[in-house]
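S.K.: For the sequence shown, the numbering used here assigns the number 29 to the initial residue and increments by one for each residue that follows.
Here's a structure for you.
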Amino acid sequence: MAQGNPKIRIAHATPLGHGARLLRVERVDGAELGFAGGQYVIINTGVTLPGGKLAKRAYSLLSSDAEQRAVEIAVKRIGAGPGSNVLNDLPAGAELEWSGPWGKLRLPPGFSGRALLIATDTGITAALGIAQSAAAAGAAQLDLLWLVESEDYFLSEPFVRERLPAPVRLSVARDLPPVGHPERPARACALVSEQHLSAGPYDAVLCAGDGAVLYPLRDRLTSLGAPEGSVLLESFFNNPLKKSL
Ligand SMILES: Cc1cc2nc3c(=O)[nH]c(=O)nc-3n(C[C@H](O)[C@H](O)[C@H](O)COP(=O)(O)OP(=O)(O)OC[C@H]3O[C@@H](n4cnc5c(N)ncnc54)[C@H](O)[C@@H]3O)c2cc1C
């Protein structure tokens with residue numbers, strides 16, 4: 029018998045400050061998601077776009093991968109964007125088609141080395157997932173740098189600190205120019221100083237967020253001595269590779 033597309037249910041929704049929401053979701057069939065920290069799911073928001081396609085959007089799992097049934101995502105409203113608005117408005121109990129988990133922004137299973145995580149903007153969700161997974165595996169050192177434009181951008185710093193396992197050292201830089209600002213990439217590169225890399229050496233550097241920033245940042249990290257190939261990127265938006273297609 030043909031099976032329908034797998035669904036998740038919004039089990040619980042909590043507002044998060046200005047225009048964002050924390051959603052606890054679970055599979056309708058009760059099965060585990062089978063994700064690793066840093067991975068994401070794609071949710072079919074049910075909204076039909078002007079061209080006739082359905083708006084399917086990616087969201088990183090920010091909860092610990094030690095819990096595979098009730099998992100969490102956080103969604104920031106982006107202007108009149110169809111997906112983020114639906115996910116900020118749907119009531120608890122709503123069911124949505126999904127696929128996943130997806131994504132290579134993760135540390136190898138059992139990673140016990142030193143890792144630097146850099147998040148811009150909403151990329152903090154992926155960094156939270158990775159940090160919890162790595163701390164549970166016994167990583168030797170975890171440093172997290174979060175670059176945002178203001179204090180009330182998305183998740184609050186207390187929320188992030190509360191979710192971070194004790195060994196993670198968090199620094200937050202709150203003066204990143206807004207998304208799309210021509211000086212944003214250069215400012216982000218300036219915020220990542222030799223001081224950050226000298227806290228290593230790191231076995232892995234994982235970055236998530238604004239693609240317009242992440243690629244120049246990777247060049248900056250390499251120039252500061254990060255081993256070639258050790259820096260993994262996940263663009264949440266402004267993905268330059270997508271634009272060139
Ligand atoms: C791997 C991955 C993981 C993601 N994880 C999260 C997450 O955990 N939480 C979350 O809120 N979003 C996340 N996103 C972004 C999300 O998939 C949607 O792009 C976002 O919710 C906007 O969707 P929309 O339909 O409302 O607007 P759209 O119409 O799709 O977006 C409008 C424009 O805004 C851009 N955009 C998306 N996010 C931002 C942002 N933060 N700031 C500025 N512009 C942006 C889009 O690229 C697009 O150009 C992730 C994206 C990817 C690829």
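Glycine included, every Cβ here is placed at the ideal spot set by N, Cα and C.
1. Taking DSSP's pairing of strands, which residues face residue 169 in a bridge?
2. Within its chain, find whatever has a CB closer than 8 Å to the CB of residue 5; leave out the 5 residues flanking it on each side and keep chain order.
3. Candidates 127, 47 and 229: which alpha carbon is nearest residue 171's?
4. Ligand 1 and residue 243: does the residue's C-beta get closer than 7 Å to at least one heavy atom of that ligand?
5. Answer yes or no: the CB of residue 52 versus the heavy atoms of ligand 1, is any distance below 7 Å?
6. For ligand 1, I want to know if residue 106 counts as a neighbour, meaning its beta carbon is within less than 7 Å of at least one of the ligand's heavy atoms.
7. Within 10 angstroms of its Cβ, does residue 129 collect 16 or more other Cβ (buried), or is it exposed?
8. Whole angstroms are fine: how far does the CA of residue 205 sit from the CA of residue 29?
9. Within 10 Å of its beta-carbon, does residue 269 have 16 or more other beta-carbons around it, so buried, or fewer, so exposed?
10. Quick check: is any heavy atom of ligand 1 less than 7 Å from the C-beta of residue 111?
11. For residue 191, is the beta carbon positioned less than 7 Å from some heavy atom of ligand 1?
12. Leaving aside the five residues before and after residue 111 along the sequence, list all residues of the same chain whose C-beta is less than 6 Å from its C-beta, in chain order.
13. What did DSSP end up calling residue 93 once you bin it into helix, strand or coil?
14. Following the continuous alpha helix (DSSP H) through residue 113, name the residue where it begins and the one where it ends.
15. Can you give me the Cβ contacts of residue 180 inside the same chain, cut-off strictly under 6 Å, excluding the 5 residues immediately before and after it?
16. Closer than 7 Å: is that where the CB of residue 103 sits relative to any heavy atom of ligand 1?
17. Please determine whether the Cβ atom of residue 230 lies at a distance below 7 Å from any heavy atom of ligand 1.
18. Examine the Cβ distances between the segment 186-201 and the segment 120-128 and report whether three or more of them are shorter than 8 Å.
19. What are the start and end residues of the beta strand (DSSP E) that includes residue 238?
20. So, for residue 273: in the same chain, excluding its five sequence neighbours on each side, which residues have a beta-carbon less than 6 Å away from its beta-carbon?
21. What is the C-beta distance between residue 183 and residue 152, in whole angstroms, given that I count them as a contact (C-beta under 8 Å)?
M.R.: By the coordinates alone:
1. 142
2. Not covered by the structure: residue 5. The range shown for the chain is 29 to 273.
3. 229
4. no
5. no
6. Result yes, Cβ under 7 Å from ligand 1.
7. buried
8. A caution first: residue 29 carries a pLDDT of 42, below 50, which makes its placement in the model too unreliable to give a value.
9. exposed
10. yes
11. no
12. 73, 83 and 85
13. coil
14. 110-117
15. 45 and 46
16. Result yes, Cβ under 7 Å from ligand 1.
17. no
18. The answer is no - the segment 120-128 does not touch the segment 186-201, with fewer than three Cβ pairs under 8 Å.
19. 232-238
20. Low per-residue confidence applies at residue 273: pLDDT is 43, beneath 50, and the placement is therefore not dependable enough to give any value.
21. 6 Å
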